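Structure record follows, encoded as structure tokens.
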Amino acid sequence: MCADWKQGSRATRSWAARVPPARAFGAGVPRGTPCAPRPRLPPRHYCARCATTAQPASTGLRWTPAAGRVARRVARRVARASPAAQLCARASSAPAFARIDASTQATLRRLLAAYRTHRVGAHHFAGVEGYGHGDLGREVIDAVFASLFDCEQALVRPQFVSGTHAIAAALFGVLRPGDELLSVTGRPYDTLEEVIGLRRAHHQRAADTGSLRDFGISYRELDLSPLGLVQFDAIQAALRPQTRMVLVQRSCGYALRPSLAMHDIARIVQLVKHIRPDIVLFVDNCYGELVLDIEPTHPSVGADIVAGSLIKNCGGTIMPTGGYVAGKARYVKLAQNRMAAPGVEGAASMNLNKALLQGLFLSPQMVGEALKGALLVAQVMSDLGFHVSPAADAARSDIIQAVRLGERDKLIAFCRAVQRQSPVGAYILPEPGQTPGYGDEVIFADGTFVDGSTLELSADGPLREPYVVYAQGGTHWTHWALVLEDALQEMGLAYSPPCRSRAALAAQASSMGPSDSQSKRKCMCATVHIRSEHIRPTLRLLIDTRPARMHWSIEHAPRAQALANLTCVPRVGHSLQRLPCVE
Numbered sequence: 003m004c005a006d007w008k009q010g011s012r013a014t015r016s017w018a019a020r021v022p023p024a025r026a027f028g029a030g031v032p033r034g035t036p037c038a039p040r041p042r043l044p045p046r047h048y049c050a051r052c053a054t055t056a057q058p059a060s061t062g063l064r065w066t067p068a069a070g071r072v073a074r075r076v077a078r079r080v081a082r083a084s085p086a087a088q089l090c091a092r093a094s095s096a097p098a099f100a101r102i103d104a105s106t107q108a109t110l111r112r113l114l115a116a117y118r119t120h121r122v123g124a125h126h127f128a129g130v131e132g133y134g135h136g137d138l139g140r141e142v143i144d145a146v147f148a149s150l151f152d153c154e155q156a157l158v159r160p161q162f163v164s165g166t167h168a169i170a171a172a173l174f175g176v177l178r179p180g181d182e183l184l185s186v187t188g189r190p191y192d193t194l195e196e197v198i199g200l201r202r203a204h205h206q207r208a209a210d211t212g213s214l215r216d217f218g219i220s221y222r223e224l225d226l227s228p229l230g231l232v233q234f235d236a237i238q239a240a241l242r243p244q245t246r247m248v249l250v251q252r253s254c255g256y257a258l259r260p261s262l263a264m265h266d267i268a269r270i271v272q273l274v275k276h277i278r279p280d281i282v283l284f285v286d287n288c289y290g291e292l293v294l295d296i297e298p299t300h301p302s303v304g305a306d307i308v309a310g311s312l313i314k315n316c317g318g319t320i321m322p323t324g325g326y327v328a329g330k331a332r333y334v335k336l337a338q339n340r341m342a343a344p345g346v347e348g349a350a351s352m353n354l355n356k357a358l359l360q361g362l363f364l365s366p367q368m369v370g371e372a373l374k375g376a377l378l379v380a381q382v383m384s385d386l387g388f389h390v391s392p393a394a395d396a397a398r399s400d401i402i403q404a405v406r407l408g409e410r411d412k413l414i415a416f417c418r419a420v421q422r423q424s425p426v427g428a429y430i431l432p433e434p435g436q437t438p439g440y441g442d443e444v445i446f447a448d449g450t451f452v453d454g455s456t457l458e459l460s461a462d463g464p465l466r467e468p469y470v471v472y473a474q475g476g477t478h479w480t481h482w483a484l485v486l487e488d489a490l491q492e493m494g495l496a497y498s499p500p501c502r503s504r505a506a507l508a509a510q511a512s513s514m515g516p517s518d519s520q521s522k523r524k525c526m527c528a529t530v531h532i533r534s535e536h537i538r539p540t541l542r543l544l545i546d547t548r549p550a551r552m553h554w555s556i557e558h559a560p561r562a563q564a565l566a567n568l569t570c571v572p573r574v575g576h577s578l579q580r581l582p583c584v585e
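In terms of our numbering, the sequence shown opens at residue 3 and continues consecutively.
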């Protein structure tokens, strides 16, 4: 460092600190000006991170503040960080993020292979009109979907108005009067209740609504266990001679249960096919596409037919409408006949081929961002004591994150925060109301570019006990940090990443030897305020610059015990030294 900088006045140093980075490194700096500060640290040095370790009871630790410009600069950066930035800093180091990125890359590799195999080109972007004969784009899209889903045939059409419409086409196409539909995952999603005939719509007074039951197709369901799991042992007894189709709903829907993992679906298929090979296994695949490396139609799983929406995962936030049916060719053909009419080849693509191909290409990335956002929501809300499903460290098979808020007002407040942080309609105040397809009042927060697109940031929930909000989507996971910052303030909650209790720390230290404590290191994002008269002077910088809403503390204890059991070790402008333990 030059003498001009070390001995310059406060005004001179202040001016140099305001020099933009490009000038600070000498680009365009006039001759004779004071020496510019050193290059800024990489962003990772600004994160409030700390290593977590359990030390044996005989070890003493003491904080020593790092000196110089680096410590002051880092402290200022941390102090200026918003709660949303602090949440992002904490979550970005989670090992699950790396796993999600690896899964996204694997899915993208499969997708690119399908695009290459079927020679997707610019000539496939053109649409056709009228009857839709000779639509090259439609044909290649069906082929790409079939390759991606590892199945015989796919029916991908913008004429499907929703995922429910695609599911209904498959149900009505395959089932015949006298057949029975058996759901082994409990009550299906609310919008399917009217399709099956479990209830009438609010505006329907007549008993005959055109449901499956009106066509003489019966329905039964196998309840889930008290933990929300499939009762595999009861499947064999539930099958009857008239059972023609077994329905499996992959996502949780509006139920507070775990979404089905792929091995659970494979087990259901194996059990049913072993008893009745003629039964059709149908999977409602909404919200689950491209989350895992394979789909339910993969030969290792064995589902006969699946259906879903193009304004969810497979649309990549680009496709404005549509749905798909994929699986074995004979069942897909029956669904196509129901969507249009027997003998009708297809339908006009209405110049949406390019949007569909582009949206499908973007979908792995968007699904990955949605999974990261769901993980962030799960971590923050579980730290605040709310029940979340799935848990932050649990495996995921769809993009939905359920949070049991327990109160009507909190559910409404959360959804309103989502709406305020949305790019479209942020000025709108969501209110609960009756919605077509739902039996209860539902509140929706979906300030999305495509109406109903759940791959974009959105949240919703029925106004019934236990008042669960279902959050999903997001084109970038950091968007959820902004939502959480707003939602927690709206609900009157303050978030502090948890620091383990003294009792838990003492129990861990007593049960672990020196070798174990060194091997079980974890990474957290936090700063620590230790209340101890012995070491308060050494923590002055940290205490003065800790960001708002972030308070971690360990209650006062004998110095040897409190310091030996310390687990949160800040790295914000401080270094850690081991010293002999002194009582």
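For glycine and all other residues, C-beta sits at the position ideal for the given N, C-alpha and C. Since this is a predicted model, take the numbers as computed values, not measurements.
Next on the checklist: Mapping the DSSP letters down to three states, classify residue 170 as helix, strand or coil.
Outcome noted: Judged by DSSP in its simplified three-state form, residue 170 adopts helix.
Next on the checklist: On a Cα-Cα basis, can you pick out the residue from 417, 385 and 183 that is closest to residue 242?
Outcome noted: Per the Cα distances, 183.
Checklist entry - Enumerated in chain order, which unbroken segments of the beta strand (DSSP E) with a length of 3 residues or greater are wholly contained in the segment 364-421? => result Runs found: 389-391 and 403-406.
Checklist entry - Is residue 333 near residue 176, with beta carbons less than 8 Å apart? => result Yes, the pair counts as a contact, with Cβ atoms nearer than the cut-off.
Item to check | C-alpha gap between residue 641 and residue 104, whole angstroms | outcome: Because the chain in this structure spans residues 3 to 585, residue 641 falls outside the shown range and cannot be described.
Item to check | residue 157 (DSSP reduced to helix, strand or coil) | outcome: It is a strand residue.
Next on the checklist: Just list the residues that DSSP pairs residue 223 with in beta bridges.
Outcome noted: According to DSSP, which records beta bridges pairwise, residue 223 is partnered with 185.
Checklist entry - Do residue 193 and residue 262 come within 8 Å of each other at the CB atom, strictly closer than that value? => result Cβ atoms of residue 262 and residue 193: not closer than 8 Å.
Next on the checklist: Which same chain residues end up closer than 6 Å to residue 185 when comparing Cβ atoms and leaving out the 5 residues on each side of it in sequence?
Outcome noted: Closer than 6 Å at the Cβ level, and outside the excluded window around residue 185, lie 223 and 249.
Checklist entry - With distances taken between CB atoms, is the gap from residue 378 to residue 89 smaller than 8 Å? => result Yes. Within cutoff.
Next on the checklist: Quick check on this structure: which residue in 366, 398 and 413 has the alpha carbon closest to the alpha carbon of residue 383?
Outcome noted: Comparing Cα-Cα distances from residue 383 to each of 366, 398 and 413, the minimum goes to 413.
Checklist entry - Does DSSP put residue 491 in a helix, a strand or coil? => result In this structure, residue 491 counts as helix in the three-state DSSP scheme.
Checklist entry - For residue 221, which of 210, 228, 232 and 247 has the nearest alpha-carbon? => result For residue 221, the nearest C-alpha among the options comes from 247.
Next on the checklist: Three Cβ pairs or more, each shorter than 8 Å: is that satisfied between the segment 128-145 and the segment 288-304?
Outcome noted: Cβ pair count under 8 Å is below three, so no.
Item to check | At least three beta-carbon pairs within less than 8 Å, the segment 437-445 to the segment 280-294 | outcome: Segments in contact, no.
Next on the checklist: Let me confirm a value: residue 228 is counted as buried when at least 16 other C-beta atoms fall within 10 Å, else exposed. Which label applies?
Outcome noted: The residue in question, residue 228, is exposed, as its Cβ has fewer than 16 Cβ neighbours within 10 Å.
Item to check | Start-end ranges of the beta strand (DSSP E) lying completely within the segment 448-490, minimum 3 residues | outcome: Counting only runs of 3 or more, we get 460-464 and 470-474.
Checklist entry - Are residue 314 and residue 457 closer than 8 Å when you measure CB to CB? => result It is a contact, given that the beta carbons lie within the stated cut-off.
Next on the checklist: According to DSSP, residue 286 sits in a beta bridge with which residue or residues?
Outcome noted: Residue 286 is bridged to 251 and 309.
Checklist entry - If you draw a straight line from the alpha carbon of residue 303 to that of residue 281, how long is it in whole angstroms? => result Inter-residue distance for residue 303 and residue 281 is about 15 Å (C-alpha atoms, whole angstroms).
Next on the checklist: Tell me which residues share the same chain as residue 300 and place their Cβ nearer than 6 Å to its Cβ, disregarding the 5 neighbours each side in the sequence.
Outcome noted: Closer than 6 Å at Cβ, skipping near neighbours: 152.
Next on the checklist: If you reduce the DSSP assignment to three classes, tell me which class residue 540 lands in.
Outcome noted: Note on residue 540: pLDDT 34, under 50, position unreliable in the model; no value is reported.
Next on the checklist: Check this for me: beta carbons of residue 267 and residue 305, under 8 Å apart or not?
Outcome noted: Cβ distance < 8 Å, so residue 267 and residue 305 count as in contact.
Item to check | Unbroken alpha helix (DSSP H) run spanning residue 139, endpoints | outcome: Membership of residue 139 in the alpha helix (DSSP H) is indicated by the continuous run 138-150.
Item to check | Between the CA atoms of residue 367 and residue 99 - distance to the nearest angstrom | outcome: Cα to Cα, the separation comes out at about 13 Å.
Next on the checklist: Quick check on residue 106: does DSSP put it in helix, strand or coil?
Outcome noted: Three-state DSSP puts residue 106 in a helix.
Checklist entry - What are the start and end residues of the alpha helix (DSSP H) that includes residue 331? => result Run containing residue 331: 331-341, per the alpha helix (DSSP H) assignment.
Next on the checklist: Looking at the secondary structure, which residues open and close the alpha helix (DSSP H) in which residue 264 lies?
Outcome noted: Segment 264-277, the alpha helix (DSSP H) holding residue 264.
Next on the checklist: Checking the sheet assignment: what are the DSSP bridge partners for residue 328?
Outcome noted: In the DSSP assignment, residue 328 is bridged to 156 and 308.
Checklist entry - Identify the residues that DSSP records as bridge partners of residue 444: which are they? => result DSSP lists 435 and 464 as partners of residue 444.
Checklist entry - How big is the Cα-Cα spacing for residue 113 and residue 156? => result C-alpha separation (whole angstroms): 15 Å.
Item to check | Element boundaries [alpha helix (DSSP H), containing residue 297] | outcome: From DSSP, residue 297 is part of no alpha helix (DSSP H); its letter is neither H nor E.
Checklist entry - Expressed to the nearest angstrom, what Euclidean distance is found between the alpha-carbon atoms of residue 251 and residue 233? => result Annotation: residue 251 to residue 233 spans about 14 Å, alpha carbon to alpha carbon.
Checklist entry - Where residue 462 and residue 411 are concerned, what is the direct C-alpha to C-alpha distance, given to the nearest angstrom? => result Separation of residue 462 and residue 411 (C-alpha to C-alpha, rounded to the nearest whole angstrom) is 13 Å.
Checklist entry - Hey, residue 181 and residue 219: beta-carbon distance below 8 Å or not? => result Their beta carbons are under 8 Å apart, which means residue 181 touches residue 219 by this criterion.
Next on the checklist: Buried or exposed, going by whether 16 or more other CB atoms sit within 10 Å of the CB of residue 85?
Outcome noted: Classification for residue 85: buried.
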